[in-house]
Amino acid sequence: MSDNNQLKYYIETWGCQMNEEDSEKLSGMLKRIGYTKTEVIEEAGIIIYNTCCVRENAENKVFGNLGQLKGMKRKNPDLIIAICGCMMQQEGMADKILNKFPYVNIIFGTHNSYKFPEYLNRVRTEGVQVKEIFNKETEIVEGVPIDRKSDVKAFVTIMYGCNNFCTYCVVPYVRGRERSRKSDDIVNEIKELIATGYKEITLLGQNVNSYGKGLEEDIDFAKLLRKINEIDGLERIRFMTSHPKDLNKDVVMAIKECDKLCEQVHLPVQSGSNRILKKMNRHYTREDYLELVKMIKEEIPEVTLTTDLIVGFPGETEEDFIDTLNLVKEVGYSSAFTFIYSRRNNTPADMMPNQISDEDKHHRFNRLIDAVNESVIKGNKGYENKVVEVLVEGLSKNDETKFTGRTRNGRLVNFTGKGIKAGDLVNVKITRAQPFSLIGEAL
Ligand code: SAH
Ligand code: SF4
Numbered sequence: 001m002s003d004n005n006q007l008k009y010y011i012e013t014w015g016c017q018m019n020e021e022d023s024e025k026l027s028g029m030l031k032r033i034g035y036t037k038t039e040v041i042e043e044a045g046i047i048i049y050n051t052c053c054v055r056e057n058a059e060n061k062v063f064g065n066l067g068q069l070k071g072m073k074r075k076n077p078d079l080i081i082a083i084c085g086c087m088m089q090q091e092g093m094a095d096k097i098l099n100k101f102p103y104v105n106i107i108f109g110t111h112n113s114y115k116f117p118e119y120l121n122r123v124r125t126e127g128v129q130v131k132e133i134f135n136k137e138t139e140i141v142e143g144v145p146i147d148r149k150s151d152v153k154a155f156v157t158i159m160y161g162c163n164n165f166c167t168y169c170v171v172p173y174v175r176g177r178e179r180s181r182k183s184d185d186i187v188n189e190i191k192e193l194i195a196t197g198y199k200e201i202t203l204l205g206q207n208v209n210s211y212g213k214g215l216e217e218d219i220d221f222a223k224l225l226r227k228i229n230e231i232d233g234l235e236r237i238r239f240m241t242s243h244p245k246d247l248n249k250d251v252v253m254a255i256k257e258c259d260k261l262c263e264q265v266h267l268p269v270q271s272g273s274n275r276i277l278k279k280m281n282r283h284y285t286r287e288d289y290l291e292l293v294k295m296i297k298e299e300i301p302e303v304t305l306t307t308d309l310i311v312g313f314p315g316e317t318e319e320d321f322i323d324t325l326n327l328v329k330e331v332g333y334s335s336a337f338t339f340i341y342s343r344r345n346n347t348p349a350d351m352m353p354n355q356i357s358d359e360d361k362h363h364r365f366n367r368l369i370d371a372v373n374e375s376v377i378k379g380n381k382g383y384e385n386k387v388v389e390v391l392v393e394g395l396s397k398n399d400e401t402k403f404t405g406r407t408r409n410g411r412l413v414n415f416t417g418k419g420i421k422a423g424d425l426v427n428v429k430i431t432r433a434q435p436f437s438l439i440g441e442a443l
């Protein structure tokens, strides 16, 4: 391998936007110290896997990929393999990986990724293997450079961790307790993004509605939204994720009243059955959720709602599942992430009786997808012949004769037009609704 290739890194990311953002930070740090990114794994001198452990299949993929690196490492002993992310925070996982894949050079967790350049340096200069995982969250580290994927829209994390302990979920164990960034740090980061041409930001947190707890300033999520709405040059603000138990009227009124806040709310319901919601430790009922949806729709008529759903939670009966299907129909989501319940070690749900068979889980999963698709298609149909504002992201990947972008409320639009570039806000007339996107012409 040439010296040039030693300075190339390849990074693969599993999981949520938080992991995506962590990878953008790893990439930012590497670029700052002279490395360049490659999309071709064979030409990389450093391979980084940023892992997820929310569901078992994400974990299995990491094991599969690590096995395949053995041959590459044999051919190129200088190749550096680094593994990080949520999977590493699980008890015993790092040792399991080192046992199975002893050629891994660096293992680190979610709380110390800012130290990656230091670990890399140790491997390069001392030839050691580095395994460092912090069990507890650290103070928030500001100022880590971020190499973002898009030039138009960016994710900005406003808080880390989660305190909710839903009984199926590992996130609170691997990401630690909730802690919020100071609002000035967030605002400054957004101002810097605007100065380099970004138009849209998505504020990220596991439960953005508890933003501000524990900070010395007088702030909560609704106040933060209003503060960010004041930033000149910013066009659109989105946020995720809202926990239904914590999304309050102040936030809904901020969406209604602030011109930059987009009319879209990601509101994971997980299940439509009160019995299951209780076992999940979600702290709301089906009725609370529907009441909240009603209030949001009344205040913001053009709003779209998206959600996360789990099928096959322990003890879920056909009736419970039908409750979920009916709720999906009643709310009318514009998209939904649907998941098959995955047993996670040491979570309360893993210990619950009446685990559901794979066959039932898959059967319900397929029926759920049909219900979600029906609701998405129905929603898209309503846009035919309407004019919508689209933030242009570039050319469509599937059809380079068209531009692609999203409406304020998050619908995907592919459209024709002239003299248009990424970052423009364009009025588009919708000519046709496809199942999962809208087709149109720029006006
Ligand atoms: N904090 C967010 C989501 C974090 S994880 C929230 O509370 O909404 C993203 C999604 O993964 C969850 O909303 C849930 O639907 C799903 N998920 C989490 N743990 C899971 C498990 N063990 N099996 C299947 N899906 C799971
Ligand atoms: Fe997991 Fe629940 Fe926290 Fe979301 S709110 S990250 S589902 S524990």
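Take the sequence shown: its letters are residues 1 to 443, numbered as in this note's numbering.
We put the CB at the ideal spot given by N, CA and C, even for glycine.
Keep in mind that this is a model prediction, so the values were computed, not measured.
query	result
Residue from E142, E20 and Q270 with nearest C-alpha to T202	E20
Among M295, G15 and L7, nearest to L79 - alpha-carbon criterion	L7
Among I133, G315 and Y284, nearest to G92 - alpha-carbon criterion	I133
N188 (DSSP reduced to helix, strand or coil)	helix
Exercise answer, beta-carbon shell around the ligand SF4 heavy atoms below 6 Å	C162, N164, F165, C166, C169, V171, P172, Q206, N207 and H243
Beta-carbon separation (whole angstroms), Y119 vs F108, contact threshold 8 Å	6 Å
Extent of the continuous alpha helix (DSSP H) to which K329 belongs	E318 to V331
The beta strand (DSSP E) enclosing D259, as first and last residue numbers	Taken as a continuous stretch (DSSP letters only), D259 belongs to no beta strand (DSSP E), as it is neither H nor E.
I237, enclosing beta strand (DSSP E) - first and last residue	R236 to M240
Classification of L443 by the beta-carbon crowding that lies within 10 angstroms, buried from 16 upward	exposed
Given V144 as reference, the closest of N135, N163, D288 and F116 once Cα atoms are compared	F116
Short Cβ contact (8 Å threshold) for S242 with N209	yes
Proximity test, D246 beta-carbon vs the ligand SAH heavy atom, cut-off 7 Å	no
Whole-angstrom distance between F165 and V54, CA atom to CA atom	13 Å
Cα-Cα separation, Q68 to V426	46 Å
Anticipated Cβ contact below 8 Å, V390 with R406, distance rounded	7 Å
Delimiting residues of the beta strand (DSSP E) encompassing G382	It is not in any beta strand (DSSP E) - G382 carries neither H nor E in the DSSP assignment.
Alpha-carbon spacing of A336 relative to A94, whole angstroms	33 Å
At least 3 beta-carbon pairs within less than 8 Å: the region 368-380 vs the region 231-242	no
Cα-Cα separation between T13 and V252, rounded to whole angstroms	33 Å
C-alpha gap between V387 and L438, whole angstroms	11 Å
Outcome for T307 when other beta-carbon atoms lying within 10 angstroms are tallied against a minimum of 16	buried
Element boundaries [beta strand (DSSP E), containing S23]	No beta strand (DSSP E) holds S23; the alpha helix (DSSP H) holding it covers Q17 to R32.
Residues bridged to I439 [DSSP beta-bridge criterion]	N414 and R432
Contact with chain D by G109, beta-carbon distance below 8 Å	This model lacks chain D altogether; it includes just one protein chain.
Pairwise C-alpha distance: E24 and A154	11 Å
Separation of C16 from V372, as counted between CA atoms	21 Å
Assigned exposure category for I97 - 16 Cβ within 10 Å defines buried	buried
For F116, the three-state DSSP class (helix, strand or coil)	helix
Sequence-distant residues of the same chain with beta carbon closer than 6 Å to A222, five excluded per side	D250, V251 and A254
E142, DSSP secondary structure in three states	coil
Range covered by the alpha helix (DSSP H) that runs through N50	Here N50 belongs to no alpha helix (DSSP H); instead the beta strand (DSSP E) covers I46 to T51.
Distance between R238 and I11 (C-alpha atoms, nearest Å)	26 Å
Local Cβ density within 10 Å of H362, reported as buried at 16 or more and exposed below that	exposed
Option nearest R124 by Cα separation, candidates G161, T347, I81 and I300	I81
Proximal residues to G176 (C-beta, below 6 Å), its chain only, five neighbours per side dropped	E137 and G161
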